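One structure below.
There are 2 protein chains.
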Amino acid sequence: MVYFLYICFMLTKAELTKLHILKTVAPIFNQNGYAATSMSDITLATSLTKGAIYGHFENKEELAIAAFNYNVKSMLLRIGEHLSTNDSPIEKLYLITDFYRNYYNYSKELGGCPITNVGVDANNQNTALLERVRYVVRKIQDQIATLIEDGIKAGEINTEINAMTFAKRIDTMLQGAIFLTYTMDDDSYLKETTHHIDSIISNELKE
Amino acid sequence: MVYFLYICFMLTKAELTKLHILKTVAPIFNQNGYAATSMSDITLATSLTKGAIYGHFENKEELAIAAFNYNVKSMLLRIGEHLSTNDSPIEKLYLITDFYRNYYNYSKELGGCPITNVGVDANNQNTALLERVRYVVRKIQDQIATLIEDGIKAGEINTEINAMTFAKRIDTMLQGAIFLTYTMDDDSYLKETTHHIDSIISNELKE
DNA sequence: GTTTAAATATACCGATTGGTATATAATTAG
DNA sequence: CTAATTATATACCAATCGGTATATTTAAAC
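Taken in order, these protein sequences are the chains called Z and V. Numbering (the working numbering) for the first sequence: -11 to 195. Numbering (the working numbering) for the second sequence: -11 to 195.
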């Protein structure tokens, strides 16, 4: 059997299988958590056997980490695409809130928000996974802070603003909204919060 | 053997055992999650056997629900105590943020924040537990909203304020701060957020 | 097309899972 | 103090857990 990707990007059959495993397994780990996901779940979902799975991943933990990285990568890629629409720092800030405005629908495909789920799941459990979560949280906050600093330099944002303070404040609101939206199955938390952040940008950040 | 509580409140030995189980098991379930907590963990921690445990709880799920309720009850009790310090609605609002200011230290005793942990853990997994989480979230938000409405009636808070909107906004910020404080093991999220909410009360709510 | 190497399937491992039937111990009621 | 009852301990269950050694199939290189 010959696959499109195989021809196009010169991927070996094994690499394709690895991608298939990750794509299939990522939302399962994300939705069920590490402990509640069994290797049987994985073989069943991928239609592969343990031999194939363990041929690509050393153990369950390595697979879980790879699955989390897969989810995060596709998420950050999507944010990046969204932000590339506009060049102005302050407009990019609005685009971040715009991304999270529809985050419920989007992240459902990933089996929920990977940051929220793995952050809670790995807390005091899995050191390697938790470290990855922290890295991504820092990365997102740094990105927001950099945008604010760029906005200050461009004269779009008030010079007296502390970039990291506001970045963390925005991230805190977003994380709370994501958690409550999922827990209450109510999108209005994300809608209201993104709207609120927009008005903060307009009223408190804008020069 | 005779226990203090036994004499004082006329609790049977069995009821005492049940309390002992819940007190021991509640933080374990909260910290590890439902799937990652085994009955062996429970028998080991309580120094009891399966016979004793299953004599008091029908199955693992019932025990997990009882453990969550135990944590929530002690948490709500603590908030209630804290709020009883003052009678003014707006001062009670400040006392809520004051409670969450030191929430990291307090909730560590419970094995983390029960709302956050069980909210994520039970999402798309355990219907009964998730329903309990939702009930508690609504209860907390209603409590905040009621305080704001009382403040409006008392002339302490601006009449144009939408109580539930602000209650949900405050809760969203708190949930985000709790999540990030735990995930990043950094208390400053809760400190900064409670400080920020205080200034919102002072600047946006106060008449 | 054949050989060689890699990828996948099969069958199995000991340990642990949640749960139960029954025996034993402790407590309560008379 | 005894009898009835309740609470706890013991021993066991089938099922599943994560993981592995080996056989078999498939793809890659020539």
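Even glycine gets a Cβ: it sits at the ideal position worked out from N, Cα and C. Given the structure is predicted, the values throughout are model-derived calculations rather than measurements.
Helix, strand or coil at residue i [DSSP, three-state]
i	result
residue 145/Z	strand
residue 119/V	helix
Short CB-CB distance (under 8 Å) between residue i and chain Z
i	result
residue 122/V	yes
residue 119/V	no
residue 100/V	yes
residue 155/V	no
residue 21/V	yes
residue 108/V	yes
residue 105/V	yes
residue 116/V	no
residue 187/V	no
residue 13/V	no
Neighbour flag for residue i against chain V, beta carbons, 8 Å
i	result
residue 182/Z	no
residue 150/Z	no
residue 111/Z	yes
residue 191/Z	no
residue 24/Z	yes
Presumed contact (8 Å Cβ cut-off) between residue i and residue j, rounded CB distance
i	j	result
residue 83/V	residue 146/V	20 Å between Cβ atoms; not a contact.
residue 10/V	residue 63/V	About 14 Å separates the two Cβ atoms, so there is no contact after all.
residue 196/V	residue 55/V	In the structure as shown, chain V begins at -11 and stops at 195. Residue 196/V is therefore absent and cannot be evaluated.
residue 172/Z	residue 125/V	6 Å
residue 181/V	residue 165/V	4 Å
residue 208/V	residue 132/V	Chain V is shown only over -11 to 195; residue 208/V falls outside these bounds and no answer can be derived.
residue 67/Z	residue 45/Z	That pair is no contact at about 27 Å.
residue 23/V	residue 24/Z	4 Å
residue 89/Z	residue 178/Z	7 Å
residue 185/Z	residue 85/Z	5 Å
residue 168/V	residue 163/Z	6 Å
residue 78/V	residue 144/V	4 Å
Residue i CB to nearest heavy atom of the ligand MN below 7 Å
i	result
residue 132/V	Annotation note on the ligand MN: not contained in the displayed structure, which lists no ligands.
Residues from the stretch 159 to 177 of chain V in contact with chain Z, defined by Cβ distance under 9 Å: Of all residues in the stretch 159 to 177 of chain V, the ones placed with a Cβ closer than 9 Å to any Cβ belonging to chain Z are 159, 160, 161, 162, 163, 164, 165, 166, 167, 168, 170, 171, 172, 173, 176, 177, in chain order.
Contact list for the stretch 38 to 62 of chain Z against chain V, Cβ threshold 9 Å: Result list empty, no residue passes.
Within the stretch 81 to 120 of chain Z, ranges of the beta strand (DSSP E) (whole runs, at least 3 residues): Within the stretch 81 to 120 of chain Z, not a single complete beta strand (DSSP E) segment reaches 3 residues in length.
Length at least 4, wholly inside the stretch 146 to 174 of chain V: the alpha helix (DSSP H) runs in chain order: The qualifying runs are 151 to 172.
Contiguous alpha helix (DSSP H) assignments of at least 4 residues, all confined to the stretch 42 to 71 of chain Z: Within the stretch 42 to 71 of chain Z, the complete alpha helix (DSSP H) runs of at least 4 residues fall at 48 to 71.
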